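Asker: Protein sequences appear in the order of chains A and B.
Going by the numbering used here, the letters in the first sequence line up with residues 107 to 341, in that order.
Going by the numbering used here, the letters in the second sequence line up with residues 3 to 292, in that order.
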Amino acid sequence: MKIKFDQVNKTYGSVSALKNINFDIEPGEFIFIVGNSGAGKSTLLKLILSQVKSSSGDVVIDDIFLNNGDKKDIDRIRKKIGVIFQDYQLIPDKTIEENINISLDIVEFPKDQILSKIEDVIKKVDLLDRRHHFPAQLSGGELQRAALARALAVEPRIILADEPTGNLDLDNTWNLIKLLKDINENEKTTIIMTTHNMDIVDSLNKRIIKVENGEIIEDKKEPEKKSKNNSSKKI
Amino acid sequence: MTILNTTWHHIRRSPFQSMTAVIAMIVCFFAISFYAIVSNGLSTVIKYFDSKPEVTIFLKDGLDNNAIQGIQKDLASYPNVKETKYISKEKALNIYKEQNKSNPMLTEMVTASILPASFEVIVSDPKILEQIYQNYSSKTDVVDEVIYQKDVIKSLLEWTDIIKKIGIAIATIIGLISFLTVFIIIGMKITNRKEEIRISRLLGASSLYVKKPFLLEGMIYGASGAIIGSTISFILVALLRSNINSFFDPIVFITNSLDFYAIVLVSEIFLGVILGLAASWIGARRYIKF
Numbered sequence: 107m108k109i110k111f112d113q114v115n116k117t118y119g120s121v122s123a124l125k126n127i128n129f130d131i132e133p134g135e136f137i138f139i140v141g142n143s144g145a146g147k148s149t150l151l152k153l154i155l156s157q158v159k160s161s162s163g164d165v166v167i168d169d170i171f172l173n174n175g176d177k178k179d180i181d182r183i184r185k186k187i188g189v190i191f192q193d194y195q196l197i198p199d200k201t202i203e204e205n206i207n208i209s210l211d212i213v214e215f216p217k218d219q220i221l222s223k224i225e226d227v228i229k230k231v232d233l234l235d236r237r238h239h240f241p242a243q244l245s246g247g248e249l250q251r252a253a254l255a256r257a258l259a260v261e262p263r264i265i266l267a268d269e270p271t272g273n274l275d276l277d278n279t280w281n282l283i284k285l286l287k288d289i290n291e292n293e294k295t296t297i298i299m300t301t302h303n304m305d306i307v308d309s310l311n312k313r314i315i316k317v318e319n320g321e322i323i324e325d326k327k328e329p330e331k332k333s334k335n336n337s338s339k340k341i
Numbered sequence: 003m004t005i006l007n008t009t010w011h012h013i014r015r016s017p018f019q020s021m022t023a024v025i026a027m028i029v030c031f032f033a034i035s036f037y038a039i040v041s042n043g044l045s046t047v048i049k050y051f052d053s054k055p056e057v058t059i060f061l062k063d064g065l066d067n068n069a070i071q072g073i074q075k076d077l078a079s080y081p082n083v084k085e086t087k088y089i090s091k092e093k094a095l096n097i098y099k100e101q102n103k104s105n106p107m108l109t110e111m112v113t114a115s116i117l118p119a120s121f122e123v124i125v126s127d128p129k130i131l132e133q134i135y136q137n138y139s140s141k142t143d144v145v146d147e148v149i150y151q152k153d154v155i156k157s158l159l160e161w162t163d164i165i166k167k168i169g170i171a172i173a174t175i176i177g178l179i180s181f182l183t184v185f186i187i188i189g190m191k192i193t194n195r196k197e198e199i200r201i202s203r204l205l206g207a208s209s210l211y212v213k214k215p216f217l218l219e220g221m222i223y224g225a226s227g228a229i230i231g232s233t234i235s236f237i238l239v240a241l242l243r244s245n246i247n248s249f250f251d252p253i254v255f256i257t258n259s260l261d262f263y264a265i266v267l268v269s270e271i272f273l274g275v276i277l278g279l280a281a282s283w284i285g286a287r288r289y290i291k292f
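Here you go:
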């Protein structure tokens with residue numbers, strides 16, 4: 107799925123969150139969106155998900171203009187996107203398994219394969235013993251992994267990951283990054299990930315979009331790898 | 003996870019709200035069933051009187067055949083007249099003897115000549131009775147007396163009319179209250195589950211997908227209210243049936259027909275489903291804005 111931002115501006119009241127954003131994302135790319143808090147990273151992801159509409163300019167996915175797209179088209183696009191929200195967005199009174207089940211039901215995943223799919227993704231994120239727990243019973247890291255499992259389950263064409271490592275310890279952080287990298291390489295799934303963590307960014311030779319005060323200040327297609335011996339890990 | 007599971011989950015998570023909706027529906031359908039049974043009873047009473055010779059016109063003595071045939075033709079020309087039956091003096095005597103066969107003293111001295119010939123007129127619409135009564139009461143040259151159960155029929159019609167109007171008004175008011183109750187409760191449930199609906203929408207769920215469990219919930223309230231409400235009224239009526247029917251004897255006011263109760267039950271379930279669906283549909287449209 108091709109994504110295009112064409113002169114996109116987004117304001118919240120009098121606050122300008124994004125200014126004149128232009129970029130294209132080709133299918134299968136792995137992109138980091140980096141920047142300080144409040145720079146506009148999450149708003150970029152929300153625009154792709156059509157969670158918010160741009161104030162001006164166009165966000166286009168597979169030739170569908172999200173600003174004035176038909177609701178059915180937007181639903182169809184959303185079904186192809188797996189999202190790992192910063193605040194997890196798991197349904198509180200449903201177990202982890204039920205949360206994943208709902209997302210599979212929404213994308214009309216074959217009924218006879220749902221259980222095995224749940225088993226598979228829960229195993230991948232190492233939450234087998236937590237599958238019948240409710241979100242309130244899990245730690246931040248476990249919730250993050252549960253959100254990842256839900257995103258992976260629907261076999262998306264695009265994964266939006268909003269600070270997915272924010273609540274993970276070092277080992278789980280690198281496991282998650284490795285998982286996303288594998289999915290990107292093996293399934294050709296587009297990965298768009300926002301992060302503060304430059305160690306992660308530096309460890310992969312991927313495209314980086316730097317956002318500052320709502321503007322793109324740098325769009326590096328193939329950033330040079332920096333060697334950091336103290337904290338970074340090569341994947 | 004099927005829609006039914008999600009709906010059941012919604013019902014379980016807020017049992018008191020669900021119970022309120024079902025109780026409102028039970029009251030509504032109890033009233034409607036009760037009204038249906040009473041209405042059916044009143045129809046039976048009217049049918050009973052319909053099947054009786056409702057007007058009896060006693061003729062003066064000495065009328066020839068032409069005059070009698072003229073009266074018969076005239077009576078038949080009235081609208082909604084089902085049957086006109088001529089009772090000759092001899093036939094009147096036979097009827098009299100039959101009615102008093104257990105008391106020979108009353109029959110010994112009676113002959114055909116002292117009994118008047120008469121016409122019994124059976125109509126399909128009791129409203130025509132008044133017209134026949136008025137017209138023939140004034141024909142004093144051929145008619146001796148006109149008798150019909152004017153007061154009974156009149157008050158029966160009035161009561162039937164009043165009961166029907168009150169029944170419809172009560173059913174409408176209770177129906178409206180049930181509708182609003184389900185509408186408000188579905189609205190509250192949607193508000194409680196706003197987060198879940200919002201998340202589902204972000205995952206690609208269509209508007210109909212997130213509405214479906216609430217629509218099914220409304221239908222379940224309607225159907226269960228109809229089943230429970232009508233069953234309670236049927237049980238109550240079964241308990242009171244013998245007393246009520248003996249009061250109306252020989253009329254069977256409370257019917258024994260299982261077909262009747264089955265039709266009432268099925269109709270009410272259908273009505274309940276429609277009522278619940280409409281209330282939840284409007285509620286979902288009103289409260290699900292994203």
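Idealized CB from N, CA, C, for every residue including glycine.
Computed from a prediction, not measured in an experiment: that's the story for all the values here.
Just checking: is the beta-carbon of residue 207 of chain B within a distance shorter than 8 Å of some beta-carbon in chain A?
Answerer: Chain A, which has a Cβ nearer than 8 Å to the Cβ of residue 207 of chain B, makes this yes.
Asker: Determine whether the Cβ of residue 199 of chain A lies closer than 8 Å to any Cβ atom of chain B.
Answerer: Yes, residue 199 of chain A lies at the interface with chain B (some Cβ there is under 8 Å from its Cβ).
Asker: Give a yes or no on whether the C-beta atoms belonging to residue 297 of chain A and residue 255 of chain A are separated by under 8 Å.
Answerer: No, the Cβ-Cβ distance between residue 297 of chain A and residue 255 of chain A is not below 8 Å.
Asker: For the structure I just gave you, are there three or more beta carbon pairs, one from the segment 69 to 78 of chain B and one from the segment 118 to 126 of chain B, closer than 8 Å?
Answerer: Yes, the segment 69 to 78 of chain B is in contact with the segment 118 to 126 of chain B.
Asker: Note down, in chain order, every chain B residue with its Cβ under 8 Å from the Cβ of residue 189 of chain A.
Answerer: Those are 204 and 205, listed as they occur along chain B.
Asker: Pull up the CB-CB distance for residue 188 of chain B and residue 285 of chain B, whole angstroms please, since I reckon it's below 8 Å.
Answerer: Residue 188 of chain B to residue 285 of chain B, Cβ: 4 Å. Contact.
Asker: Could you spell out the range, first to last residue, of the beta strand (DSSP E) harbouring residue 120 of chain B?
Answerer: Where residue 120 of chain B is concerned, the enclosing beta strand (DSSP E) stretches over 120 to 125.
Asker: Which residue wins for smallest C-alpha separation from residue 246 of chain A, given the options A/191, A/144 and A/124?
Answerer: Checking every option, the nearest Cα to that of residue 246 of chain A belongs to A/191.
Asker: In angstroms, rounded to a whole number, what distance separates the CA positions of residue 213 of chain A and residue 33 of chain B?
Answerer: Approximately 45 Å, taken between the alpha carbons.
Asker: Here's the rule: buried if 16 or more other CB atoms are within 10 angstroms of the residue's CB, otherwise exposed. What is residue 145 of chain B?
Answerer: Residue 145 of chain B is buried by the Cβ-count criterion.
Asker: Since residue 294 of chain B is in the beta strand (DSSP E), which residue starts that stretch and which ends it?
Answerer: The structure shown does not extend to residue 294 of chain B, since chain B is modelled only from 3 to 292, so the question has no answer here.
Asker: Taking the alpha-carbon positions, what's the residue 29 of chain B to residue 232 of chain B distance?
Answerer: Going by the C-alpha atoms only, they are around 9 Å apart.
Asker: Going straight from the alpha carbon of residue 77 of chain B to that of residue 83 of chain B, what length do you get?
Answerer: Cα-Cα distance, rounded: 8 Å.
Asker: Please state whether DSSP places residue 271 of chain B in a helix, a strand or coil.
Answerer: Three-state result, residue 271 of chain B: helix.
Asker: Got a sec: is the Cβ-Cβ distance from residue 14 of chain B to anything in chain A below 8 Å?
Answerer: False, the Cβ-Cβ gap to chain A never drops below 8 Å.
Asker: Within 8 Å (strictly less), CB to CB, does residue 289 of chain B reach chain A?
Answerer: So no, residue 289 of chain B is outside the interface.
Asker: Along the segment 175 to 187 of chain A, what residues have a CB closer than 9 Å to any CB found in chain B?
Answerer: Here the close residues are 177, 178, 180, 181, 182, 183, 184, 185, 186 and 187.
Asker: Can you name the start and end residues of the alpha helix (DSSP H) that residue 109 of chain B belongs to?
Answerer: Per DSSP, residue 109 of chain B belongs to the alpha helix (DSSP H) from 106 to 110.
Asker: Can you give the Cα-Cα distance for residue 106 of chain B and residue 44 of chain B, rounded to whole angstroms?
Answerer: Distance between the alpha carbons of residue 106 of chain B and residue 44 of chain B is about 39 Å.
Asker: In terms of DSSP beta bridges, what is residue 187 of chain A paired with?
Answerer: Residue 187 of chain A is bridged to A/264.
Asker: Restricting to Cα atoms, I'd like to know which of B/100, B/37, B/149 and B/92 is closest to residue 171 of chain B.
Answerer: Residue B/37 is the option with its Cα nearest to residue 171 of chain B.
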